[in-house]
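Okay, structure first, notes after.
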Amino acid sequence: MFEKKVFIIILLFLYFCKPSEQSSGNPTSLDHETIRIEFIDEKTVKVRVDFFFSGLSLDGQELAFPETPSFPLRKFEVSYNDQFYSINRRTAGKGKTYVLGKEQYPSIFPFTVSKIEPDEHGFRHLIVSYEFTPPYFSSKAKNDQPAGYYLEYIMKTGETWKGAISDVKASIHTGKLLCENLFLLEGSISGECVSENIWESHITNLEPKNDYKLILKD
């Protein structure tokens with residue numbers, strides 16, 4: 072029996088479209104994105120992402136954040152206009168998945184955005200925050216991959232925004248572990264240690280073809 076799939080168009084969130092509909096592209100630009108990943112301990116990683124948009128207001132648009140099988144998310148919140156909203160998980164259902172290209176997602180966190188007021192620079196600010204328990208990966212001699220906690224942030228799903236992302240800043244705070252314990256996996260977006268416990272990446276005009284994928288050695 073073939074697996075049924077629910078097809079949707081994905082942004083860094085997901086830009087919903089019924090399978091029978093045709094999309095003419097997203098007229099809204101994602102200008103700035105700031106990602107903060109904080110390793111608390113072996114059970115908790117906290118993530119906050121700030122998005123700054125230009126273009127349409129997104130008023131009434133339904134968006135969502137993908138959830139991969141390895142990263143069940145919890146305490147998922149969305150914030151804009153100084154209001155906070157707790158978001159519940161939606162699963163595709165038995166035998167179904169949400170699909171982007173070759174990637175499949177069993178569940179998402181959907182939400183509908185009301186009108187976001189622009190700031191003094193004309194940008195509309197949206198904040199997403201959540202927590203997850205980092206999977207622990209064993210070492211692999213083939214590519215010198217050490218054992219440790221796997222940290223990931225998906226950027227590839229940003230390809231459906233209009234144009235490149237003008238400015239992307241990411242930071243990983245390693246807590247009690249040292250930044251030098253971070254191991255960059257093949258294909259990951261690169262960065263560097265700026266202190267004993269902070270790793271940073273800053274890219275302009277990013278075409279989101281890769282993700283952030285690192286191992287934090289314990």
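72 is the number of the first residue of the sequence shown in our numbering; add one for each residue after it.
Heads up, the beta-carbon is just placed ideally off N, CA and C, and yes, glycines get one too.
When burial is assigned at 16 or more other CB atoms within 10 Å of the CB, is I81 buried or exposed? Against the sequence shown, residue 81 aligns to sequence position 10. Low per-residue confidence applies at I81: pLDDT is 36, beneath 50, and the placement is therefore not dependable, though the value from the model is reported in the following sentence. A residue is called buried once 16 or more other Cβ atoms fall within 10 Å of its Cβ, and I81 is buried on that count.
Is the stretch 254-264 touching the stretch 214-228 in the sense that three or more CB pairs, one from each, lie closer than 8 Å? Segments in contact, yes.
I need the straight-line Cα distance from S209 to S141, nearest angstrom please. Translated into the one-based positions of the sequence shown, residue 209 becomes position 138. Translated into the one-based positions of the sequence shown, residue 141 becomes position 70. When the Cα atoms are used, S209 and S141 turn out to be separated by approximately 15 Å.
Could you give the distance in angstroms between the alpha-carbon of I260 and the alpha-carbon of I274? In the sequence shown, the residue the question calls residue 260 occupies position 189. In the sequence shown, the residue the question calls residue 274 occupies position 203. Going by the C-alpha atoms only, they are around 9 Å apart.
Going by other Cβ atoms of all chains shown within 10 Å of its Cβ, with 16 needed for buried, is S178 buried or exposed? Counted from its first residue, the sequence shown places residue 178 at position 107. Buried, because 16 or more other Cβ atoms sit within 10 Å of the Cβ of S178.
Please state whether DSSP places N152 in a helix, a strand or coil. As a first step, residue 152 is located in the sequence shown; it is residue number 81 there, counting from the start. When secondary structure is reduced to three states using DSSP, N152 falls in the coil class, being assigned neither helix nor strand.
Hey, D153 and S125: beta-carbon distance below 7 Å or not? As a first step, residue 153 is located in the sequence shown; it is residue number 82 there, counting from the start. As a first step, residue 125 is located in the sequence shown; it is residue number 54 there, counting from the start. Their beta carbons are not under 7 Å apart, which means D153 does not touch S125 by this criterion.
Less than 7 Å separating the beta-carbons of F110 and T245? As a working note, residue 110 is residue 39 in the sequence shown. As a working note, residue 245 is residue 174 in the sequence shown. Yes, these two residues count as a Cβ contact at 7 Å.
Entirely enclosed beta strand (DSSP E) segments - the stretch 137-208, minimum 3 residues: Runs of the beta strand (DSSP E) lying entirely within the stretch 137-208, each at least 3 residues long, are 144-151, 154-157, 169-171, 174-176, 178-184, 195-203 in chain order.
Return helix, strand or coil for N252, following the three-state DSSP convention. One-based indexing of the sequence shown puts residue 252 at position 181. N252: helix per DSSP, three-state reduction.
Suppose you measure from the CA of D238 to the CA of T139; what does that come to, to the nearest Å? The residue you call residue 238 lines up with position 167 of the sequence shown. The residue you call residue 139 lines up with position 68 of the sequence shown. Distance between the alpha carbons of D238 and T139: 25 Å.
Contact set for E271: own chain, Cβ-Cβ below 6 Å, skip 5 residues either direction: Looking up residue 271 in the sequence shown gives position 200. For E271, where only same-chain residues beyond five positions count, the Cβ hits under 6 Å are S242, G262, V265.
Measure how close the beta-carbons of A235 and F180 come, nearest whole angstrom, since I'm counting them as under 8 Å. Residue mapping note: residue 235 aligns to position 164 of the sequence shown, counting from 1. Residue mapping note: residue 180 aligns to position 109 of the sequence shown, counting from 1. With a Cβ gap of about 25 Å, A235 and F180 do not count as contacting.
Which class does G219 belong to by DSSP, given the choice of helix, strand or coil? In the sequence shown, residue 219 corresponds to position 148, counting from 1. G219 falls in the strand class under three-state DSSP.
Can you tell me the Cα-Cα spacing of T162 and Q132, whole angstroms? Sequence index remark: in the sequence shown, residue 162 carries index 91 (1-based). Sequence index remark: in the sequence shown, residue 132 carries index 61 (1-based). Each residue's Cα considered, the two are about 20 Å apart.
Shortest alpha-carbon distance to D215 belongs to which of I286, P189, H192, S150? Walking along the sequence shown from the start, residue 215 turns up at place 144. Restricting attention to I286, P189, H192, S150, the CA atom closest to the CA of D215 is found in I286.
Checking 7 Å against the spacing of the C-beta atoms, do E267 and S200 come in under that value? Position 196 of the sequence shown, counting from 1, holds the residue named residue 267. Position 129 of the sequence shown, counting from 1, holds the residue named residue 200. With respect to S200, E267 sits apart: the two C-beta atoms are not nearer than 7 Å.
Under a Cβ-count criterion, where at least 16 other Cβ atoms within 10 Å of its own Cβ denotes burial, should Y283 be classed as buried or exposed? For the purposes of this step, residue 283 is taken as residue 212 along the sequence shown, with counting starting at 1. Taking every protein chain shown into account, the CB of Y283 has 16 or more other CB atoms within 10 angstroms, so this residue is buried.
When L129, K165, Y176, K146 are compared against F194, the one with the closest alpha-carbon: What you label residue 194 is simply residue 123 of the sequence shown in a count that begins at 1. Scanning L129, K165, Y176, K146 for the CA closest to the CA of F194 turns up L129.
Just to check my reading of the structure: K117 and E191 have Cβ atoms closer than 8 Å, yes? What is that Cβ distance to the nearest angstrom? In the sequence shown, the residue the question calls residue 117 occupies position 46. In the sequence shown, the residue the question calls residue 191 occupies position 120. Between E191 and K117 the Cβ distance is about 29 Å, and since that is not below 8 Å, they are no contact.
If we call anything under 7 Å between Cβ atoms a contact, is I187 one with Y156? Within the sequence shown, numbered from 1, the residue matching residue 187 stands at position 116. Within the sequence shown, numbered from 1, the residue matching residue 156 stands at position 85. Judged by beta-carbon spacing, Y156 lies beyond the 7 Å limit of I187, meaning their Cβ atoms are not closer than that value.
Check the DSSP bridge columns for E42 and list the partner residues they point to. A question about residue 42 goes unanswered here, because the residues of the chain that appear run from 72 up to 289.
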